[in-house]
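Here is the structure we will look at.
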Ligand SMILES: Nc1ncnc2c1ncn2[C@@H]1O[C@H](COP(=O)(O)OP(=O)(O)OP(=O)(O)O)[C@@H](O)[C@H]1O
Ligand SMILES: [Mg+2]
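Residue numbers (my numbering), protein chains in the order written: chain A, 422 to 683; chain B, 6 to 307.
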């Protein structure tokens, strides 16, 4: 039983037709979709960067605003994929019956879920790509290294998409999805080395943050990229993300299959 | 000829509950095959097993000679499905729904566009081509779902209550289209609650109740075998009942009418009129509805 949950699903390129469907919807409503990623960095940079940054000044030898800029990207990577694959996927699955419609075609349920996950990751990537010019305009990220954020956003997005899909597979109702949002996403937003360096926490909590909180690893890599401070530790972060993403990709697909195929 | 669908001792359980209980049927190429039965009979469950959306618990099932458990992708490429619950993509317009759906079948954009236009014409929705789904009426949605089920030019159509909630015009339009599709050689499997629909469309049908198949055959055969050719009805009164008992004619009381099933409706009607002084005497041909009610009982289903 448990082994089945981690079995490698059979997937083909048909998963991309599901991805394409979501992209089509996104592009149809692009006017609505493109505004938030422009506004969000402005809000953070002004409130936290200029507002709070005025008191904090520097963290080490990095200006506070430069310190939080990569965290803003990391949080956006997390939020766009997570909310897409929780509320977004749930609405498509439960209210729209979109998955039921698709699995009446040669596309399998595994491919539908894979397509949803790939789309969640793509959404993170699109958002990052839209935020980046704003950050560049503020002069708070290094170039050209920061362009690496865009491909990285896909990987980071996939991680959060897979986490989200596990919750979607398990949730009894759309309201119950508020729990992971408040109990998982919000704490991560605060304790993942986002707005203050993780080194101020007790060592045990630091270890906890790196081992258990996905965002910590994502922030760490984003920060290395925007400050052009590449350290060997980032390889560990990357490995953590790759392994957890792979395992949760399989798990979420199998959990959704178990939920939907009865 | 090899059957399109062959089910032997097919069973479907949901936990301890048996929704489909050891049913046998086979659908021949080119025929319209109906599943009739009250709510909860197991019709949708059976359709879902055929269309590879739900695995069977036991028994054998083959569709185009293939097992839905192992060849779902191949089978699904050859079938078109009209589900009981409307599940059009509300984010898209009428034509976009067809084009996006075609993509799941791996149909190229050019072919999909061409087919979509033709199919809209076929179900008379060309006018609503660019309308968003929310703005279609219920009947238009059902027609669009039928069109969507045809994008891959299926050899087998599975229709779960295709005309549910439609007005008579819309229902007739769908019937007409289904007859046309049949004449083109398509095999059609449908479920329905409308006995008239089954009588008009189906070459053969089964009547299901509580997960089992009660009877199968052509509509005419079923009527003849299970009811008889004619029915005489009269207003119910103690006098009429006593009189029928007296003449040893079997009858049934249904609400405020008395019903006599007979191969000689004229004679019985005359006797009712002359000897029993019955009011509102009416003779009519027996229908599938009589068979249905006789076999599944008159009580309301959960
Ligand atoms: N996923 C499920 N889990 C548990 N029970 C189910 C499930 N799907 C259907 N059932 C049960 O199986 C039985 C048959 O349901 P089904 O939907 O096949 O009936 P139906 O003949 O299509 O009815 P209707 O005419 O109302 O559409 C019902 O008692 C139903 O409650
Ligand atoms: Mg049904």
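Every residue, glycine too, gets a C-beta built ideally from N, C-alpha and C.
Since we're looking at a predicted model, the values are computed, not measured.
Environment of residue i [buried if 16+ CB atoms lie within 10 Å]
i: residue 289/B; result: exposed
i: residue 241/B; result: buried
i: residue 594/A; result: exposed
i: residue 44/B; result: exposed
i: residue 652/A; result: exposed
i: residue 410/A; result: Past the boundaries of the shown model lies residue 410/A; chain A is included only from 422 to 683, so the question cannot be answered.
i: residue 676/A; result: buried
i: residue 368/A; result: Here chain A has residues from 422 to 683 only, and residue 368/A is not among them.
i: residue 668/A; result: exposed
i: residue 474/A; result: buried
i: residue 611/A; result: exposed
i: residue 148/B; result: buried
i: residue 450/A; result: exposed
i: residue 306/B; result: With a pLDDT of only 47 at residue 306/B, under 50, the local geometry of the prediction cannot be trusted, and no value is derived from it.
i: residue 479/A; result: exposed
i: residue 375/B; result: Nothing about residue 375/B can be reported from this structure: the residues present for chain B run from 6 to 307 only.
i: residue 114/B; result: exposed
i: residue 487/A; result: buried
i: residue 599/A; result: exposed
i: residue 81/B; result: buried
i: residue 660/A; result: exposed
i: residue 285/B; result: exposed
i: residue 499/A; result: buried
i: residue 572/A; result: exposed
i: residue 161/B; result: buried
i: residue 642/A; result: buried
Beta-carbon spacing of residue i, residue j below 8 Å
i: residue 150/B; j: residue 93/B; result: yes
i: residue 97/B; j: residue 527/A; result: no
i: residue 524/A; j: residue 586/A; result: no
i: residue 546/A; j: residue 578/A; result: yes
i: residue 465/A; j: residue 477/A; result: no
i: residue 436/A; j: residue 505/A; result: no
i: residue 244/B; j: residue 268/B; result: no
i: residue 536/A; j: residue 456/A; result: no
i: residue 606/A; j: residue 503/A; result: yes
i: residue 497/A; j: residue 532/A; result: no
i: residue 152/B; j: residue 125/B; result: yes
i: residue 553/A; j: residue 566/A; result: no
i: residue 613/A; j: residue 548/A; result: no
i: residue 291/B; j: residue 265/B; result: no
Under 8 Å by beta carbon: chain D residues contacting residue i
i: residue 95/B; result: Here the protein chains are A and B, and chain D is not one of them.
Original post:
Touching or not, the stretch 97-116 of chain B and the stretch 176-189 of chain B, by the rule of three or more beta carbon pairs under 8 Å?
Top reply: No, because fewer than three Cβ pairs between the stretch 97-116 of chain B and the stretch 176-189 of chain B fall closer than 8 Å, the two stretches do not touch.
Original post:
Are the stretch 46-61 of chain B and the stretch 8-21 of chain B touching by the rule of at least three beta carbon pairs closer than 8 Å?
Top reply: The stretch 46-61 of chain B vs the stretch 8-21 of chain B: in contact.
Subject >> Residues, ordered as in the chain, of the stretch 558-582 of chain A that lie near chain B by beta-carbon distance below 8 Å >> reply: Per Cβ criterion, the list is empty.
Subject >> Interfacial residues, the stretch 24-55 of chain B to chain A, with Cβ spacing under 7 Å >> reply: Cβ contacts with chain A come from no residue of the stretch 24-55 of chain B.
**OP:** Pair every Cβ in the stretch 426-442 of chain A with every Cβ in the stretch 669-679 of chain A, then say whether three or more of these pairs are closer than 8 Å.
**Re:** They touch, by the three-pair rule.
Original post:
Under a criterion of Cβ closer than 7 Å to any non-hydrogen atom of ligand 2, which residues qualify, in chain order?
Top reply: Answer in sequence order: 48/B, 49/B, 89/B, 165/B, 166/B, 196/B.
**OP:** May I ask you to list, following chain order, the residues of the stretch 524-549 of chain A that have a beta carbon less than 7 Å from some beta carbon of chain B?
**Re:** Cβ contacts with chain B come from 524, 525, 526, 527, 528, 529.
Original post:
Any residues in the stretch 102-123 of chain B with a beta carbon nearer than 8 Å to a beta carbon of chain A? Which ones, in chain order?
Top reply: Per Cβ criterion, the list reads 105, 106, 108, 109, 110, 111.
**OP:** Examine the Cβ distances between the stretch 190-210 of chain B and the stretch 24-38 of chain B and report whether three or more of them are shorter than 8 Å.
**Re:** Counting Cβ pairs under 8 Å, three or more are found: they touch.
**OP:** Count the CB pairs spanning the stretch 220-229 of chain B and the stretch 250-264 of chain B that are closer than 8 Å, and state whether there are at least three.
**Re:** No contact exists between the stretch 220-229 of chain B and the stretch 250-264 of chain B.
Subject >> contact_flag[the stretch 67-79 of chain B, the stretch 138-146 of chain B] where n(CB pairs < 8 Å) is 3 or more >> reply: No, the stretch 67-79 of chain B is not in contact with the stretch 138-146 of chain B.
Original post:
At a cut of 8 Å, does the stretch 57-71 of chain B reach the stretch 80-95 of chain B through at least three beta carbon pairs?
Top reply: At 8 Å Cβ cutoff, the stretches touch.
Original post:
Name the residues in the stretch 654-682 of chain A whose C-beta lies less than 8 Å from a C-beta of chain B; which are they?
Top reply: Answer set for the stretch 654-682 of chain A: 682.
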